[in-house]
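Below: the structure, in structure tokens.
In the working numbering, the protein residues as written are 70 to 186.
Structural data, given as structure tokens:
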């Protein structure tokens, strides 16, 4: 495996800002897909949960029925190099940082590193 560079970001969106955040993502994704060195891009909205008994029984996860504090979204994007990632992140922040942050209850959390598998 090469040394592709990956970011996983976790966004905790205010329940009142979900529609605004999802509409903003439509524009953000277009910008992200234009970035040099991009290999893969995914967003996931957390809508399910699974407990130990379900796992033990081989059952599917169950759909969440209420929002407690926030709606969580996960971004996973992968680049050929960390330099490509740095340039892409700069481009994204210059254009969307304030708009995204207005939708969040706390600043998003980033997990970044080189791919190992």
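Ideal Cβ positions, reconstructed from N, Cα and C, are used throughout, including at glycine.
It should be emphasised that the depicted structure is a prediction, and the values quoted were computed from it without experimental measurement.
- 8 Å or more divides the Cβ of residue 79 from the Cβ of residue 153.
- DSSP places residue 87 in the helix class (H, G or I) of the three-state scheme.
- Under the DSSP assignment, residue 120 falls outside any alpha helix (DSSP H); it carries neither an H nor an E label.
- The C-beta separation of residue 181 from residue 76 comes to about 5 Å, placing the pair in contact by the 8 Å criterion.
- With respect to residue 108, residue 148 sits close: the two C-beta atoms are nearer than 8 Å.
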